[in-house]
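For the sequence shown, position 49 (counting from the first letter as 1) is numbered 63 according to our numbering, and the numbering increases by one without interruption.
Ideal Cβ placement from N, Cα and C applies to all residues, glycine included.
This one's a predicted model, so the numbers in the text were calculated from it and none came from an experiment.
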Amino acid sequence: MMMRRAAAVLLGAFSLLVGLAHETRADEAKAGGADELKIGTLAPKMSPWGQVFTVWEKAVREKSGGKLELKFFYNGQQGDEGAMIGKMKAGQLDGAAVTAVGLSKVNKDIVALQMPGLFTTWAKLDAARNALKGEFEEGVSKAGFRILGWGDVGLYRTMTKGFALRSPEDMRGKKPYMWRDDAIQPTFYQTIGGVTPVPLNIPEVLPGLNTGTINVLVTPSLAAEQFQWASRLDHIGANVGGTAIGAVILTAKRMDALPGDLRTVVTDTGKVAAAALTQRIRNEDDAAYNRLKGKMTVVDLSADETAKWSALFKQVRQRLAQGTFSGDLVNRLEGYAK
């Protein structure tokens, strides 16, 4: 019911922007052939992300009078995020909806927004991201890409199979999943010590849970539900470890090749889609966590346990400031987190 209401609200927002009067003209133009932007995503088509993208497709079709189409490739059909960025650079894909892993291939500094323990509320993330947005987008532009809209994936929580994870020491001897190409997690596990994470791409996570190759995930609740990971886990942390971010990006070459009116269509509708998706995902992630709390054992840390994790997170950020990111960037972001 909540998903249907959200879709209706989103459709209404797009309708105000584009006007349904374009529909007949769109069908006529489509018969003559439309330009097409090919966009990859790991998200399932029926997920909240896919539902918003479907409405966005309709908005672009109508606003452009049928001269432009968005074509989304769901469920990682174009490969993992690193592969999608590679295809964009090769001109085989026009855009992608990516998480921080994909963004790290374009501008690594953006990923600093999700350093462990840094931002545990959306309000603080918003303040930092808005303050540094121009700087981040300039770096993306220099790399040959454009950000159509910023977004989020959810709040990071720790989920495990067969045990409660209460302190960093509890991680030793366990089998945590780590996304291949992640810019932060190697430092995180090295700082704990005695932990060997298992690097996997997204399609490999579910089989890894089924076979017992991995038994620890640090992931948003919504992602755990949508990718069917949650049903293989039985403990979930009540404490938030950070925010998972993302964005929809296009290659600058493809964007600049569009006629001015179509470029405006993509930009304007992209802003509406990003704003709607941001609020939608935040709400859906909260709802997913509440559902999982009823199915899993909730691990609520004591003050002493929380302090141990906070100290670890601080150590990780200090190490990241020695090469992965600049010390100045880490210091500025920590200032916004206070």
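Check whether residue i and residue j have beta carbons under 8 Å apart
i: I263; j: V66; result: no
i: A114; j: M102; result: no
i: L214; j: S78; result: no
i: M173; j: T265; result: no
i: E83; j: E50; result: yes
i: L306; j: N253; result: no
i: F339; j: A126; result: yes
Close Cβ partners of residue i (< 8 Å) along its chain, the five nearest in sequence each way excluded
i: V219; result: Y191, I228, L231, F241 and W243
i: V212; result: K189, P190, Y191, M192, G222, T227 and I228
i: K138; result: Y350 and A351
i: K147; result: W164
Option nearest residue i by Cα separation, candidates the options
i: Q106; options: I53, K119, L117 and T201; result: I53
i: Q293; options: P58, F159 and V167; result: V167
i: T225; options: I206, R246 and V209; result: R246
i: D196; options: A301, K101 and G116; result: G116
i: R186; options: Q204, R194 and T281; result: Q204
i: R346; options: W164, W193 and A142; result: A142
i: E95; options: L139, W193, L236 and P62; result: W193
i: R333; options: L291, P130 and G274; result: P130
i: T134; options: S324, S340 and I161; result: S324
i: I124; options: W136, I161 and V69; result: I161
i: G100; options: K147, A157 and L132; result: A157
Distance, residue j Cα to residue i Cα
i: G176; j: L169; result: 22 Å
i: H249; j: L272; result: 49 Å
i: K119; j: V312; result: 35 Å
i: F159; j: E152; result: 10 Å
i: I353; j: V344; result: The chain is shown only over 15 to 352; residue 353 falls outside these bounds and no answer can be derived.
i: S155; j: G255; result: 30 Å
i: E319; j: A258; result: 23 Å
i: G337; j: Y303; result: 34 Å
i: K85; j: R75; result: 11 Å
i: D300; j: F150; result: 27 Å
i: Y350; j: A178; result: 31 Å
i: K328; j: G80; result: 52 Å
i: I198; j: V330; result: 9 Å
i: V279; j: V209; result: 48 Å
i: A104; j: Q92; result: 13 Å
i: P62; j: L291; result: 8 Å
i: K309; j: E239; result: 12 Å
i: P200; j: D342; result: 21 Å
i: I295; j: G274; result: 31 Å
i: T281; j: N297; result: 25 Å
i: V69; j: E348; result: 37 Å
i: W136; j: D270; result: 33 Å
i: A335; j: D140; result: 21 Å
i: G251; j: A73; result: 39 Å
i: Q128; j: D184; result: 23 Å
i: M98; j: A317; result: 42 Å
Start-to-end residues for the beta strand (DSSP E) that takes in residue i
i: Y170; result: F159 to T174
i: E83; result: L82 to F87
i: T311; result: T311 to V313
i: G54; result: D49 to T55
i: W243; result: Taken as a continuous stretch (DSSP letters only), W243 belongs to no beta strand (DSSP E), as it is neither H nor E.
i: P213; result: V212 to L214
i: G251; result: H249 to G251
i: I228; result: I228 -> no beta strand (DSSP E), and no H or E assigned at all.
i: I259; result: G256 to T265
i: M185; result: No beta strand (DSSP E) contains M185, which DSSP labels as neither H nor E.
For residue i, the first and last residue of its enclosing alpha helix (DSSP H)
i: D2; result: As shown, the chain starts at 15 and ends at 352. That puts residue 2 outside it, with no answer to give.
i: L132; result: Premise fails: L132 is in no alpha helix (DSSP H) and is neither H nor E.
i: A302; result: G274 to K307
i: T68; result: P62 to K77
i: I206; result: Q199 to I206
i: T320; result: A317 to L334
Sequence-distant residues of the same chain with beta carbon closer than 6 Å to residue i, five excluded per side
i: R268; result: D108
i: L326; result: P182
i: V23; result: For V23, the predicted model reports a pLDDT of 45, less than 50, meaning its position is unreliable; a value from the coordinates is still stated below. So no residue of the chain qualifies.
Residues near residue i by beta carbon distance below 7 Å, same chain, minus five either side
i: G163; result: A261, V262, G284, K285, A287 and A288
i: G90; result: L56, I216 and P217
i: Y88; result: T55, A57, P58, K59 and G64
i: K322; result: S181 and P182
i: K122; result: A197
i: S235; result: G168, R171, D299, A302, Y303 and L306
i: A48; result: G80, K81, L82 and E83
i: A237; result: V167 and G168
i: F202; result: P130 and V330
Heavy atom of the ligand GDP within 7 Å of residue i beta-carbon
i: I198; result: In the structure shown, the ligand GDP is absent, as is every other ligand, since no ligand is present at all.
CB contact check: residue i to chain C, cutoff 8 Å
i: M310; result: Protein chains in the displayed structure number just one, and chain C is not present.
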